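Novice: I'd like to ask you about the structure that follows.
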Amino acid sequence: MMKKMSIPTSITSLVLFLCQIISALDVPLDSKLLEELSQPPTITQQSPKDYIVDPRENIVIQCEAKGKPPPSFSWTRNGTHFDIDKDAQVTMKPNSGTLVINIMNGGKAEAYEGVYQCTARNERGAAISNNIVIRPSRSPLWTKEKLEPNHVREGDSLVLHCRPPVGLPPPIIFWMDNAFQRLPQSERVSQGLNGDLYFSNVQPEDTREDYICYARFNHTQTIQQKQPISVKVFSTKPVTERQPVLLTPTGSTSTKVELRGNVLLLECIAAGLPTPVIRWIKEGGELPANRTFFENFKKTLKIIDVSEADSGNYKCIARNTLGSVHHVISVTVKAAPYWITAPRNLVLSPGEDGTLICRANGNPKPSISWLANGVPIAIAPEDPSRKVDGDTIIFSHVQERSSAVYQCNASNEYGYLLANAFVNVLAEPPRILTPANKLYQVIADSPALLDCAYFGSPKPEIEWFKGVKGSILRGNEYVFHDNGTLEIPVAQKNSAGTYTCVARNELGKIQNEVQLEIKDPTMIIKQPEYKVIQRYGQVSFECIIKHDSTLLPTVTWLKDNDELPDDERFLVGKDNLTIMNVTDKDDGTYTCIVNTTLDSVSASAVLTVVAAPPTPAIIYARPNPPFDLELTGQLERSIELSWIPGDENNSPITNFVIEYEDALHEPGMWHYQTEVPGTQTTVQLKLSPYVNYSFRVIAVNKIGRSQPSEPSEQYLTKSASPDENPANVQGIGSEPDNLVITWEPLKGFQSNGPGLQYKVSWRQKDVDDEWTSVIVANVSKYIVSGTPTFVPYEIKVQALNDLGYAPEPSEVIGHSGEDLPMVAPGNVQVHVINSTLAKVHWDPVPLKTVRGHLQGYKVYYWKVHSLSRRSRRHVEKKILTFRGNKTFGMLPGLEPYSSYKLNVRVVNGKGEGPASPDKVFKTPEGVPSSPSFLKITNPTLDSLTLEWGSPTHPNGVLISYTLKFQPINSTHELGPLVEIRIPANESSLILKNLNYSTRYKFYFNAQTSVGSGSQITEEAVTIMDEAGILRPAVGAGKVQPLYPRIRNVTTAAAETYANISWEYEGPDHANFYVEYGVAGSKEDWKKEIVNGSRSFFVLKGLTPGTAYKVRVGAEGLSGFRSSEDVFETGPAMASRQVDIATQGWFIGLMCAVALLILILLIVCFIRRNKGGKYPVKEKEDAHADPEIQPMKEDDGTFGEYSDAEDHKPLKKGSRTPSDRTVKKEDSDDSLVDYGEGVNGQFNEDGSFIGQYSGKKEKEPAEGNESSEAPSPVNAMNSFV
């Protein structure tokens, strides 16, 4: 006897409880509804958990949330409240929780390290962000170490250690040589994952002194350099071959732990001669396909997106001709927590039940903890509707106070997950979201789905009714969906009508109506048929359709399920497809597809093309006329016409044209009735009453039209009352006291019978008055006299004949005649915007005084006189029209400094009303036009006479003229620009002290108090002396400046000194001084006196790698000094292993160079004191821009000028290219691969620190020589 299994009572209760849980409410994604419903906060955006920031930039910690009402935000730092109001460097963005910590304005990023968490709170709960760990990036310096040269025997293995400084994040390592080129790597020589450089065996070509390891810190955009490592390979004969030995990892086994989803990297590098080859296998399994990659010449095994299934033993085998060695790496894949089921937001009605489920997995298995509104649930306020059961919170009989935001935290030793999910308890009356009176159209015998999207809390019950007073819809013929949709599986014609959806819950009731229309299906009643056609013949496929009259079908033809060829031989007609001059490629299946907005049908047929037999020459001609016309099926409004086609004369008939004659109204006149395809020989014709019809048919082919057929017998249709009324009925008064009613009379056959007349009716609108009617003959106009001025009338015109009236006509609105407006616009105001534009305002006139259709306002304005010249002239009034009831407008194109008048008038259909009083306004001054002329006369050796005319349009009071001029040399280069200010009352000027036989360019303009006008330019040449060989006296050949000046201050900087040079124009024997200081410093300027009148000076005792500011002044001229220039001294250079500065040959070379420079300087000084002028200086004095004088490039020597052929290095701290770009070096494999260029310096240990600024600099000629690796500044720009 079987025993009955007993189920524990607790399990039974839990199963019953879960079965009774009511599913949570679904909130439709309706924007208007979502805006109205209360909602707890939801975090929408936050910064990453591990947030490494640039210590030089502002820290932005994101926290965005949504909710209703909008949430407020607060922060914790390291677990305690973070009061941002007490820290001036911290601000919170408006309407946001995002923090901005101002580092660029004095803050220190290190001071803000820590763990941050954001809380978004409103009256319905609080959501929290992840713990956001803020850490500034770090790029520490390389530790100093003394590197001994590596002496290695040929064939031995070698490891060069990099040991980069530990940064945040870790740096990227690469090896380069002294020329900043990537060291070539191969199966024999390669870089390991730890950055070390491994040699499986060394060769003589490996000997070099510049193995340099670089560390690139991306976050701070810096690159650091290790001291060069020297390797010397010595040979022993013979070279002994060696079997493989693993350089890394050591031993026979090792372990590796990797996290799920990460990239697994396993490495084996072996020594040996010949060079070993590496192979990888997985013990007891296969390497995962599509996720396994080999790198670094198969020395590195890479598996992406690892999972727990990738755990196991991986063996690397290194083999050469002498043997093999292997290493087993035991890989364990752990996993930070990941979601299986993340908790989802819950929307409930009062009294309902629900659950929040939070399930996560990981290795090890994560622990689950709950928080309510950011507080651990164990210490959160009690909620009797809530019960926590491990990873599930069960809610029963919730109330509105149960709304809250719950946080699920899943964590293990490798990480955590935090998810917010709210419980929102809503009590809302029903709402129907489907638009009212929505129209649904379906094809008969297909399903109809009528929407009733709704929302309410508690969930409303939905009922459907048909008709206004119909009963509730029930039964198998309807399907009621949970979302409120009513489905009629098979909609019939009698299913059409109005359907009412009613939603009700305990808080209210609402209903909505929708309309259902049933349409006839689209059918192909004559389908295309299989055709066999001879080559070069013509074929037609028919596709005659029947469809619902309210649907518009579109017919598409396909060939072999693709579009028809783009060929004019394919002719698509209304009901057919015709292919002319058929070829073999036209073989295939042709498909006719008919689409409407509701359905689609198709039919296909095959065309087979065969060879045509030889035929005699074909004569093509127009078709013969049809014959044997017959009328059948006579009805009052229709008749059937049939005919027999005539001979087509070797050109197929494409269509037939049917014409008719009305012997009763227009005998002898034939009118177009319709046309049909050439394959059709019968047609059903629509007829009008009271017409004596005759018909004839014309055949058409490609050649032309046939003669008309003989007319058919006559058929007189019966008379009837008119079917339609006159069109285009209007009522427009021609005088202020009448109303002219006009219409388009019906045509003869539209009368439908004898005795056509019209009943004209009218009555004043909005007045309780009876219709006044009159019956008139067959005319098109009737005038009603004695009407009030411009009042609306209701008008209708109805046709009638001896058999009765046409249907009741529609009413139109007309107006009696207009009269001129009675009043002018008032309160006219003018606001002058600028010298050429003003804005005018006015008050609208009362509509009753318009006495007609308001068409707009006209502004009349005219210039009275110019404020600068009182001359009178013909007044030309300008008119601007502003349509409609506009009360302002802009007046463009005004003349500056002028007096204007304007007035405003209202306009209706009759004309303009009276003008407003004239309003006077004035425009302010503007800039003048260019002077009317500029003449240059009386050229002499050193002078020119200038004459000019005042501007045609001064646009104000002239205050002065400005003359600028500069010489032009034989190569069309422009010299220094001189500027002269001239009083406004002058009209000529004699310009003296010019160069002889020199072309000058002049720029001349006038000024008002507003500014300078456009300039006029001219050129002129001073004459040459008679003999053509005289030279002017010293100083006479240059245009004297109007004031002393020092310009073109240039610098050439070394490590501890800088050469400053300048150009001076002014009185002779000036005593100069040089002022300098650290750039950006507020310290006082330091002053150095220049001996004699030299134009250069050497600043000594400067600090290496420092930016300085410098300016030059002249003693005795108060406030007269040059503009500031900025330069930077070169970086301090560390000593090489061998200091060439102590070598005798170098000291001798430097002494020779110094002696040569001293001799050159003495020669320069002698020639300068004699007034000599270097060709280079003359060329540098030429200027390409009349306004901006470019600064000279200096070559870094003590002389004022250098040989034009010298290569000039780019000066440090002086001018750099404006786009901060440099040329790329020859190599394509250099440091530019790792940044956008470098502007940096060496530390004392030789490491390089630089910003990627894209500035390229060369060391000055005076820089100290060093045996260290040269600065990588130049190479950085070509390194990728």
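Just so you know, this note's numbering puts 301 at position 294 of the sequence shown, and the rest follows in order with no gaps. Every residue gets a Cβ at the ideal spot worked out from N, C-alpha and C, and that includes glycine. Being a predicted model, the structure only gives us computed values, none of them experimental.
Hey, how far is the Cα of residue 242 from the Cα of residue 230?
Specialist: 36 Å
Novice: Spatial neighbours of residue 448 within its chain, please: CB distance less than 7 Å, with the 5 preceding and 5 following residues excluded, ordered by chain position.
Specialist: 524, 526, 605
Novice: Which whole-angstrom value describes the C-beta separation of residue 1056 and residue 1067, a residue pair presumed to lie in contact below a C-beta threshold of 8 Å?
Specialist: 7 Å
Novice: Quick one: is residue 1154 buried, meaning 16 or more other Cβ sit within 10 Å of its Cβ, or exposed?
Specialist: Around the beta carbon of residue 1154, fewer than 16 other beta carbons sit within 10 angstroms, so the residue counts as exposed.
Novice: Using the rule of at least 16 other Cβ atoms within 10 Å of the residue's Cβ for burial, across every protein chain shown, is residue 228 buried or exposed?
Specialist: By the neighbour-count criterion, in which 16 or more other beta carbons inside 10 Å mark a residue as buried, residue 228 falls on the buried side.
Novice: So, at 7 Å on beta carbons, what are the nonlocal neighbours of residue 450 in its own chain, with the 5 sequence-adjacent residues on each side left out?
Specialist: 526, 528, 605, 606
Novice: Is the distance from the Cβ of residue 363 to the Cβ of residue 428 below 8 Å?
Specialist: yes
Novice: Measure from the alpha carbon of residue 496 to the alpha carbon of each residue in 452, 466, 145, then state which is nearest.
Specialist: 452
Novice: Could you name the residues that DSSP lists as bridge partners for residue 811?
Specialist: 808
Novice: Given residue 1080, which residues of its chain have a CB within under 7 Å of its CB, disregarding the five upstream and five downstream residues?
Specialist: 1094, 1095, 1096, 1097, 1120, 1122
Novice: If I follow the unbroken alpha helix (DSSP H) through residue 855, where does it start and stop?
Specialist: 854-857
Novice: If you follow the beta strand (DSSP E) that residue 1013 is in, where does it begin and where does it stop?
Specialist: 1006-1014
Novice: What's the gap between the Cα of residue 1168 and the Cα of residue 1159?
Specialist: Computed Cα separation, rounded: 14 Å.
Novice: Less than 8 Å separating the beta-carbons of residue 545 and residue 659?
Specialist: yes
Novice: Tell me, to the nearest whole angstrom, how far the beta carbon of residue 167 is from that of residue 236; I am working on the premise that it is less than 8 Å.
Specialist: 5 Å
Novice: Exposed or buried, which one is residue 530 when buried takes at least 16 other CB atoms within 10 Å?
Specialist: exposed
Novice: Go ahead and pull the three-state DSSP assignment for residue 896.
Specialist: strand
Novice: Return yes when the Cβ of residue 705 is within less than 8 Å of the Cβ of residue 736, no when it is not.
Specialist: no
Novice: Would you identify the three-state DSSP class for residue 211, choosing helix, strand or coil?
Specialist: helix
Novice: Report buried or exposed for residue 650, applying the criterion of at least 16 other Cβ atoms within 10 angstroms of its Cβ.
Specialist: buried
Novice: Do residue 289 and residue 156 have their beta-carbon atoms positioned less than 8 Å apart in this structure?
Specialist: no
Novice: Indicate the three-state DSSP secondary structure (helix, strand or coil) for residue 156 in the structure shown.
Specialist: Residue 156: coil per DSSP, three-state reduction.
Novice: Have a look at 692, 585, 1165 and flag the residue whose alpha-carbon is nearest the alpha-carbon of residue 638.
Specialist: 692
Novice: What does the alpha-carbon distance come out to for the pair residue 1089 and residue 1174?
Specialist: As the crow flies, the alpha-carbon of residue 1089 is around 41 Å from that of residue 1174.
Novice: Return the CA-CA distance between residue 425 and residue 413, expressed in angstroms with no decimal places.
Specialist: 10 Å
Novice: Can you confirm whether the segment 947-961 touches the segment 862-872 when touching is taken to mean that 3 or more C-beta pairs between the two stretches lie within less than 8 Å?
Specialist: no
Novice: Please name the residue, chosen from 382, 405, 400, that lies closest to residue 392 on a Cα-to-Cα basis.
Specialist: 405
Novice: Kindly provide the ranges of any beta strand (DSSP E) runs that are 3 or more residues long and lie completely inside the segment 1087-1135, ordered along the chain.
Specialist: 1093-1096, 1103-1106, 1114-1121, 1132-1135
Novice: Might you give, ordered along the chain, the residues of its own chain that have their beta carbon closer than 8 Å to the beta carbon of residue 1128, omitting 5 neighbours on each side?
Specialist: 1053, 1082, 1118, 1119, 1120, 1121
Novice: When the Cβ atoms of the segment 984-996 are set against those of the segment 941-955, are three or more pairs found closer than 8 Å?
Specialist: yes
Novice: Below 6 Å CB to CB, which residues in the same chain sit around residue 670 once its five sequence neighbours on both sides are set aside?
Specialist: 699
Novice: Taking the alpha-carbon of residue 285 as reference, which of 843, 255, 312, 974 has the nearest alpha-carbon?
Specialist: Ranked by Cα distance from residue 285, the first of 843, 255, 312, 974 is 255.
Novice: Under a three-way DSSP split, which group does residue 460 fall into?
Specialist: coil
Novice: Quick one, which of 674, 741, 908, 94 has its alpha-carbon nearest residue 922's?
Specialist: 908
Novice: Taking the alpha carbon of residue 899 as the point to measure from, which residue in 939, 918, 1021, 838 has its own alpha carbon closest?
Specialist: Cα-wise, what sits closest to residue 899 is 838.
Novice: From this set, 1115, 419, 407, which residue's C-alpha is nearest residue 372's C-alpha?
Specialist: 419
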